[in-house]
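Asks: The structure under discussion is supplied below as structure tokens; questions concerning it will follow.
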Amino acid sequence: MDFSSTSVRDRTQVRDRSIPVPLFILVLISSVLLLLVGGSLFFFPEVARPRWVWTLTPFNTRFLGAIYLTALVGFSLLLLTRKAIPARLIVLMTWVFTTVVLIVSCLQIDQFDVTRRTTHIWFWLYAADCLGSSYYLWHYGKQRLPALRRLPRPWMVYLQVQAGFLGVYGLGLLAFPARFGLFWPWPLDTFHSQLYSAIFLVGAMGAALLAWKTAAAELLTFGVIQMALSGFVLSGVWVVDRAVQKIDWSLFGNWMWLGAFVLLGITGLGMVWQSRQLRRSW
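Here it is in structure tokens:
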């Protein structure tokens, strides 16, 4: 028996199960910032809006808050588990989001007041997150994680379909913001259309990753993230529209938009249930 090769393999698997300390610190710092920023935008919009780095409408304020609070949920799960399996998913989603937001911010630099210190902080933070997630995307991309397996066929097909729809819509918002931004309950300018494309591209890449091979912990994480996004977005839209009454609910497209987020929440709940079944069978 080759004890040396066995010990090397065991050490590799231990490394696979633990996230590096620098990644843990990066996620911890990001979580604190997400709590402060997302919490203020969503729960205290009147306080956050005047201090934000660009001009926000009431709907956009709470929608951004919903995005950041959803990201906080994903990061919190990673901090609790500290495992490589969900880290692979979280790192990919973080990389997609920060890269798209950073590129859009650079292309739409006229939306920012470059004389404000908060603007410089915005760009430095996103650049740091983008570089950090790029490194760990490469780090986990070259590792072999033995716990990954194929999902039952219905879930594979659904995740592929979700990845396709979200990917097409996300790319549409990014490349053709005026046209694809029309499918939105409130008016969107080019900047916000392109900015929000990051959410759909994140969902598309996450679904595509899990449709190939995944672990029960990853499916659980992705399901909880979808449930959080659905809950925050729907409640945020309801609260704002109740106050300003600007959404025309006689339009079928607005109900379709709302239904899409309801569907994400329902399927997220299904993923959580399926992850529990997989833990028993795997």
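Counting from 1, one number per residue, gives the positions in the sequence shown under the numbering used here.
Note that beta-carbon positions come from the ideal geometry of N, C-alpha and C, so glycine has one too.
Whole-angstrom Cβ separation of residue 173 and residue 193, contact assumed at under 8 Å?
Replies: Their Cβ separation, rounded to whole angstroms, is 5 Å, which keeps residue 173 and residue 193 in contact under 8 Å.
Asks: Once DSSP output is grouped into helix, strand and coil, what is the label at residue 115?
Replies: In the three-state DSSP reduction, residue 115 falls in the coil class, being neither helix nor strand.
Asks: Taking all protein chains shown into account, decide if residue 277 is buried (16 or more other Cβ within 10 angstroms of its Cβ) or exposed.
Replies: exposed
Asks: Let's test the definition: count the other Cβ atoms within 10 Å of the Cβ of residue 132 and tell me whether it reaches 16, buried, or not, exposed.
Replies: buried
Asks: What number of angstroms, rounded off, separates the C-alpha of residue 189 from the C-alpha of residue 195?
Replies: 10 Å
Asks: Determine the direct distance from the alpha carbon of residue 22 to that of residue 81, and round the result to whole angstroms.
Replies: 15 Å
Asks: Would you call the stretch 65-74 and the stretch 226-240 in contact, with 3 or more CB pairs under 8 Å?
Replies: yes
Asks: Excluding five sequence neighbours on each side, which residues of the same chain lie with their C-beta closer than 7 Å to the C-beta of residue 279?
Replies: 216
Asks: Mapping the DSSP letters down to three states, classify residue 99 as helix, strand or coil.
Replies: Three-state DSSP puts residue 99 in a helix.
Asks: Please classify residue 81: does DSSP put it in a helix, a strand, or coil?
Replies: helix
Asks: Alpha carbon to alpha carbon, how far is residue 121 from residue 205? Give it in angstroms, no decimals.
Replies: 27 Å
Asks: Can you give me the C-alpha to C-alpha distance between residue 240 and residue 272, rounded to a whole angstrom?
Replies: Residue 240 and residue 272: Cα-Cα distance of roughly 29 Å.
Asks: Measuring alpha carbon to alpha carbon, tell me which residue in 57, 169 and 74 is nearest residue 32.
Replies: For residue 32, the closest alpha carbon among the candidates 57, 169 and 74 is that of 74.
Asks: Determine the contact status of residue 151 and residue 94, defining contact as a CB-CB distance below 9 Å.
Replies: no
Asks: Bridge partners for residue 214 per DSSP, in chain order?
Replies: Bridge partners of residue 214: 149.
Asks: Flag this pair as yes or no: are the beta carbons of residue 89 and residue 24 separated by less than 9 Å?
Replies: no
Asks: Distance check for residue 281 and residue 191, CA to CA, integer angstroms please.
Replies: 46 Å
Asks: Which whole-angstrom value is the C-beta distance of residue 169 and residue 180, which I expect to be below 8 Å?
Replies: A Cβ-Cβ distance of about 7 Å is found for the pair residue 169 and residue 180, placing them in contact under the 8 Å criterion.
Asks: Look at residue 38 and residue 71 and say whether their C-beta atoms are less than 9 Å apart.
Replies: yes
Asks: In three-state terms, what does DSSP make of residue 194?
Replies: helix
Asks: Quick one: grab the DSSP three-state call for residue 106.
Replies: In the three-state DSSP reduction, residue 106 falls in the helix class (H, G or I).
Asks: Return helix, strand or coil for residue 129, following the three-state DSSP convention.
Replies: In the structure shown, residue 129 adopts helical secondary structure according to DSSP, grouped into three states.
Asks: Consult DSSP for residue 199 and reduce its assignment to one of helix, strand or coil.
Replies: helix
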